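These notes concern the structure reproduced below.
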DNA sequence: TATTGTTATACTCTATAACTATA
DNA sequence: TATAGTTATAGAGTATAACAATA
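Chains as they are written, first to last, in my numbering: chain A, 3 to 160; chain B, 3 to 160.
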């Protein structure tokens with residue numbers, strides 16, 4: 003139970019109680035995992051474009067503003083990103099059915115293929131690491147994952 | 003046990019067996035958590051500079067090449083990043099004691115302060131979400147975290 | 001000659017401000 | 001008048017190639 007980022011010489015400012023150490027370790031483990039997966043996957047499409055592809059694949063057509071909000075970039079930046087993806091044939095714009103000001107961006111079949119291949123590459127990385135684990139360890143990770151899913155998008159109570 | 007990124011309409015290419023779903027869910031949960039933490043923390047220092055600060059804080063003085071390799075950027079890019087951090091007074095260069103070609107980059111006291119505050123901010127985000135959990139749930143996460151730490155940096159066997 | 005690091009140049013991503021079209 | 005989206009311009013990060021210093 004050693005803190006990854008705060009060795010004994012440099013205790014976390016919050017203290018060394020078990021929950022603090024868990025918070026630090028869990029955060030670091032997730033960040034490292036995310037980092038490894040990111041480096042492992044798609045090489046020819048930049049990360050921020052991949053983010054948009056996966057977002058569209060997951061929840062369907064979105065307006066540029068919705069995409070910009072989710073990716074935490076400005077709308078002009080998202081316009082550019084969408085332009086790049088459109089030029090490559092991965093997404094297409096269609097007018098919004100109800101509001102003429104808005105535009106809907108959605109995956110083309112080619113874009114959906116790329117999204118699936120990207121997901122597959124990332125999952126493969128993960129699968130190869132889950133492979134050596136036994137059933138008990140996988141069950142443990144399954145329950146932990148459900149816990150993470152539950153609180154990662156939640157706002158903590160005041 | 004629902005896959006986050008692959009709803010029923012779009013099953014993962016790898017299949018729908020339990021391990022595949024776990025791989026996908028665990029990967030996504032960690033990526034989302036990492037994403038949230040990244041957005042939550044430091045606002046005035048860009049992410050790639052923060053990465054260098056935390057690396058130096060964790061393992062001590064490094065050469066630009068070592069930093070570039072770890073951050074997966076070119077050495078010229080790392081030179082630029084180190085310049086920025088040096089101008090702000092967060093890092094300092096010292097000549098390598100044994101090899102005159104090399105340079106050692108290390109944190110200044112100010113830089114170490116910033117690193118600690120960044121870690122604190124990130125851990126706080128995590129702590130607030132662990133707070134509502136009961137002892138059993140925390141113990142579960144503790145064991146899962148140890149498992150993640152163990153295999154996240156490992157190469158899977160062939 | 002090989003290696004470490006920096007400088008030179010060009011390309012990409014991003015943001016703010018200004019512009020167009022629709023509500 | 002307000003909103004959604006795009007275009008214009010400028011700032012920051014990155015990479016490849018060329019250069020300087022040391023091994």
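Even for Gly, the Cβ is constructed at its ideal location relative to N, Cα and C. Predicted model only: the values in this text are computed from it and were never measured.
(1) Check the Cβ-Cβ distances between residue 47 of chain A and every residue of chain B, and say whether any is below 9 Å.
(2) Just list the alpha helix (DSSP H) runs in the stretch 32 to 108 of chain B, keeping only unbroken ones of 4 residues or longer that don't cross its boundaries, in chain order.
(3) Using a Cβ-Cβ cut-off of 9 Å, state whether residue 147 of chain B counts as contacting chain A.
(4) Anything in the stretch 134 to 158 of chain A with a Cβ closer than 8 Å to a Cβ of chain B? List those residues in chain order, please.
(5) Given that residue 128 of chain B touches chain A, what residues does it touch there, using C-beta distances under 8 Å?
(6) Out of A:143, A:149, A:153 and A:91, which has the shortest C-alpha to C-alpha gap to residue 22 of chain B?
(7) Taking residue 119 of chain A and residue 59 of chain A to be in contact with their CB atoms under 8 Å, please state how far apart those CB atoms are, rounded to whole angstroms.
(8) Inspect the beta-carbon positions of residue 47 of chain A and residue 90 of chain A and report whether they are closer than 9 Å.
(9) Against residue 32 of chain B, what residues of chain A qualify as contacts under a CB-to-CB distance less than 7 Å, listed in chain order?
(10) For residue 120 of chain B, which three-state DSSP category applies?
(11) According to DSSP, simplified to helix, strand and coil, what is residue 156 of chain A?
(12) How would you list, in chain order, the residues of chain B whose beta-carbon sits under 9 Å from the beta-carbon of residue 112 of chain A?
(13) Determine, using beta carbons only, whether residue 89 of chain A comes closer than 9 Å to chain B.
(14) Applying a beta-carbon distance threshold of less than 7 Å, which residues of chain B neighbour residue 132 of chain A?
(15) Between the stretch 148 to 159 of chain A and the stretch 132 to 148 of chain B, are three or more C-beta pairs nearer than 8 Å?
(16) Looking at chain A, is there any beta carbon in it that lies within less than 9 Å of the beta carbon of residue 95 of chain B?
(17) Do residue 94 of chain B and residue 55 of chain B have their beta-carbon atoms positioned less than 9 Å apart in this structure?
(18) Below 9 Å on C-beta distance, what does residue 101 of chain B contact in chain A?
(19) If we count Cβ pairs, one from each stretch, closer than 8 Å, do we get three or more for the stretch 25 to 42 of chain A versus the stretch 25 to 35 of chain B?
Based on what the coordinates show:
(1) Working through the first chain from its first residue, we reach residue 47 of chain A at position 45. Not an interface residue.
(2) 49 to 61, 66 to 73 and 77 to 89
(3) Along the second chain, one-based indexing puts residue 147 of chain B at 145. Residue 147 of chain B counts as touching chain A.
(4) 134, 135, 139, 140, 142, 143, 144, 145, 146, 147, 148, 149, 150, 151, 153, 154, 155, 156 and 158
(5) For the purposes of this step, residue 128 of chain B is taken as the residue at position 126 of the second chain. 25, 26, 28 and 29, listed in chain order.
(6) Position 20 of the second chain holds residue 22 of chain B. The shortest C-alpha separation from residue 22 of chain B is found at A:143.
(7) As a first step, residue 119 of chain A must be located in the first chain, where it is residue number 117. As a first step, residue 59 of chain A must be located in the first chain, where it is residue number 57. Rounded, the Cβ-Cβ distance is 11 Å, inconsistent with contact.
(8) Position 45 of the first chain, counting from 1, holds the residue named residue 47 of chain A. Position 88 of the first chain, counting from 1, holds the residue named residue 90 of chain A. For residue 47 of chain A and residue 90 of chain A, yes; Cβs fall inside 9 Å.
(9) If you number the second chain from 1, residue 32 of chain B lands on position 30. Residues of chain A passing the Cβ test: 32, 35 and 36.
(10) The residue labelled residue 120 of chain B in the question sits at position 118 within the second chain. Residue 120 of chain B falls in the helix class under three-state DSSP.
(11) By 1-based counting over the first chain, the position of residue 156 of chain A is 154. If DSSP states are grouped into helix, strand and coil, residue 156 of chain A belongs with coil.
(12) To locate residue 112 of chain A, count along the first chain from 1; it is residue 110. Within chain B, no residue comes near residue 112 of chain A; the closest Cβ sits about 15 Å away, beyond 9 Å.
(13) On the first chain, position 87 is the one that residue 89 of chain A refers to. Cβ-Cβ to chain B under 9 Å: no for residue 89 of chain A.
(14) Counting from 1 along the first chain, the entry for residue 132 of chain A is found at position 130. Residues of chain B passing the Cβ test: 21, 24 and 25.
(15) yes
(16) Taking the second chain and counting its residues from 1, the one referred to as residue 95 of chain B is at position 93. No, residue 95 of chain B does not count as interfacial toward chain A.
(17) Mapped onto the second chain, residue 55 of chain B falls at position 53. Mapped onto the second chain, residue 94 of chain B falls at position 92. Not closer than 9 Å, so no.
(18) Counting from one through the second chain, the residue named residue 101 of chain B turns up at place 99. Near residue 101 of chain B there are no residues of chain A at all, since even the closest Cβ is about 26 Å away, more than 9 Å.
(19) yes
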